[in-house]
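K.L.:
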Amino acid sequence: MDIESIYENVKCRAVKNTTGPQTQGHGKDEEKDLKHRGSRCLVLMTVSLGLICVVLLVFIILQHITITAERDLMKSYKNTVEEFNQTINSLQDEKHQLQNNFSSLNQKKLELESRVTSLSEELKKEASKQCWVFMSNELKSWSDSRQYCRDRGADLVIINSEEKQRLISSFTAERVWIGLSDTEQEGNMKWVDNSTLKQGFWFKGEPNDYGGNEDCIEMNYETETLNSWNDCSCSDKKKGICEK
Numbered sequence: 001m002d003i004e005s006i007y008e009n010v011k012c013r014a015v016k017n018t019t020g021p022q023t024q025g026h027g028k029d030e031e032k033d034l035k036h037r038g039s040r041c042l043v044l045m046t047v048s049l050g051l052i053c054v055v056l057l058v059f060i061i062l063q064h065i066t067i068t069a070e071r072d073l074m075k076s077y078k079n080t081v082e083e084f085n086q087t088i089n090s091l092q093d094e095k096h097q098l099q100n101n102f103s104s105l106n107q108k109k110l111e112l113e114s115r116v117t118s119l120s121e122e123l124k125k126e127a128s129k130q131c132w133v134f135m136s137n138e139l140k141s142w143s144d145s146r147q148y149c150r151d152r153g154a155d156l157v158i159i160n161s162e163e164k165q166r167l168i169s170s171f172t173a174e175r176v177w178i179g180l181s182d183t184e185q186e187g188n189m190k191w192v193d194n195s196t197l198k199q200g201f202w203f204k205g206e207p208n209d210y211g212g213n214e215d216c217i218e219m220n221y222e223t224e225t226l227n228s229w230n231d232c233s234c235s236d237k238k239k240g241i242c243e244k
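According to full-length UniProt numbering, the sequence shown is numbered sequentially starting from 1.
#1: Would you call R146 buried or exposed, if buried means 16 or more other Cβ atoms sit within 10 Å of its Cβ?
#2: Give the DSSP-derived three-state secondary structure of W142 in the structure shown.
#3: Taking just the CA atoms, how far does W142 sit from I241?
#4: Quick test of the definition: if touching needs 3 or more C-beta pairs under 8 Å, does the segment 153-168 touch the segment 190-198?
#5: In three-state terms, what does DSSP make of F201?
#6: For L226, does the three-state DSSP call read helix, strand or coil?
#7: Going by C-alpha distance, which of N208, L167, C41, K244 is nearest N188?
#8: Counting beta carbon pairs with one atom in the segment 105-116 and one in the segment 203-223, are three or more of them shorter than 8 Å?
#9: Using DSSP's beta-bridge definition, name the partner residues of K242.
#10: Helix, strand or coil: how does DSSP classify T183 here?
#11: C232 bridges to which residues according to DSSP?
#12: What are the uninterrupted segments assigned as beta strand (DSSP E) that are 3 or more residues long and contained completely in the segment 38-73, given in chain order?
#13: Could you name the residues that DSSP lists as bridge partners for V176?
#14: So what does DSSP say about T19, is it helix, strand or coil?
#15: Between the C-alpha atoms of K75 and I65, what's the straight-line distance to the nearest angstrom?
#16: Just to confirm, is the Cβ distance from K238 to W177 under 7 Å?
#17: Taking W132 as the reference, give the member of L119, V54, G153 with the closest Cα.
#18: Going by beta carbon distance, what residues of the same chain come within less than 8 Å of T196, once the five residues before and after it are set aside?
#19: Return the residue from the list L180, Q185, N230 that minimises the CA-CA distance to E243.
#20: What residue from V58, L226, C216 has the CA that sits closest to F201's CA?
Below is the structure:
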């Protein structure tokens, strides 16, 4: 129902309910008042509808913003989860690779240790083939130790290589005589087979012929494994290393 219909109804009711004679001026005033009231109602309704539209628009905008934010948040969360999963997978791959590398290195270590052991045994076997050595069980002078070896079909040991020096050193745990001396001529070191010394394994500062009476050579286990020779008095009592 529009505002003009409302106005006509109100006007008709006013005419029917009027008792007594009405003046023409009074009717016009009432008509103006009704129109004014109708205009006010129309304005109020328009303002109300406008406010409702604004509220709805604000609500729609806020809802859209909220949905968009939630969608972006979910997208970001999904991307973060995917990146995290990728990182975990990458770390697991690296872990497996490191484990494989460790296993490979450990296997190589075992192979090298086995090879070293095998070579060491071969070296000892080869040295045993080249010579058979044993130690006297009595403390004697250099000459008596040599005689001890000779009585058993051997002589004091001759050391003419680094390998043999290390091998003989590994057998000793005390000072022992070897088959080297300069008893015939001072400073002219010779082996018991009368061959001249070519390579020596002297302890630092040796030989020094201390006191002018050090002509026989010992191997001193207390020094380094390689450089352990020392000249001393031939009358000193030591065990000897014999070689067949």
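The C-beta atom is built at its ideal place from N, Cα and C for all residues, glycine as well.
P.N.:
Looking at the coordinates:
#1: Translated into positions along the sequence shown, residue 146 becomes position 146. It is buried - the Cβ of R146 has at least 16 other Cβ atoms within 10 Å.
#2: Your numbering for residue 142 matches position 142 in the sequence shown. W142: helix per DSSP, three-state reduction.
#3: Mapped onto the sequence shown, residue 241 falls at position 241. Mapped onto the sequence shown, residue 142 falls at position 142. Roughly 11 Å between the two C-alpha positions.
#4: yes
#5: As a first step, residue 201 must be located in the sequence shown, where it is residue number 201. Three-state result, F201: coil.
#6: Against the sequence shown, residue 226 aligns to sequence position 226. L226 falls in the coil class under three-state DSSP.
#7: Stepping through the sequence shown from its first residue, residue 188 is reached at position 188. Nearest of N208, L167, C41, K244 to N188, Cα basis: N208.
#8: no
#9: Sequence index remark: in the sequence shown, residue 242 carries index 242 (1-based). The question names Lys, but residue 242 in the sequence shown is Cys. Partner(s): F134, L156.
#10: Taking the sequence shown and counting its residues from 1, one reaches residue 183 at position 183. Correct three-state label for T183: coil.
#11: Within the sequence shown, residue 232 is the residue found at index 232, counting from 1. In DSSP, C232 forms a bridge with C216.
#12: none
#13: The residue you call residue 176 lines up with position 176 of the sequence shown. For V176, which the question treats as bridged, DSSP gives the partners M219, K239.
#14: Working through the sequence shown from its first residue, we reach residue 19 at position 19. Residue confidence is low: T19 scores 44 on pLDDT, short of 50, so the model does not pin down where it sits. Its coordinate-derived value is still stated next. Coil.
#15: In the sequence shown, counting from the first residue as 1, residue 75 sits at position 75. In the sequence shown, counting from the first residue as 1, residue 65 sits at position 65. Spanning the two alpha carbons is a distance of roughly 15 Å.
#16: Within the sequence shown, numbered from 1, the residue matching residue 238 stands at position 238. Within the sequence shown, numbered from 1, the residue matching residue 177 stands at position 177. Yes, Cβ-Cβ distance for K238 and W177 is below 7 Å.
#17: Within the sequence shown, numbered from 1, the residue matching residue 132 stands at position 132. When each option's Cα is compared against that of W132, the closest is G153.
#18: Taking the first residue of the sequence shown as 1, we reach residue 196 at position 196. Same-chain partners within the cutoff: N188, M189, K190.
#19: Along the sequence shown, one-based indexing puts residue 243 at 243. Minimum Cα distance to E243 is reached at L180.
#20: Sequence index remark: in the sequence shown, residue 201 carries index 201 (1-based). With distances taken between Cα atoms, F201 lies closest to L226.
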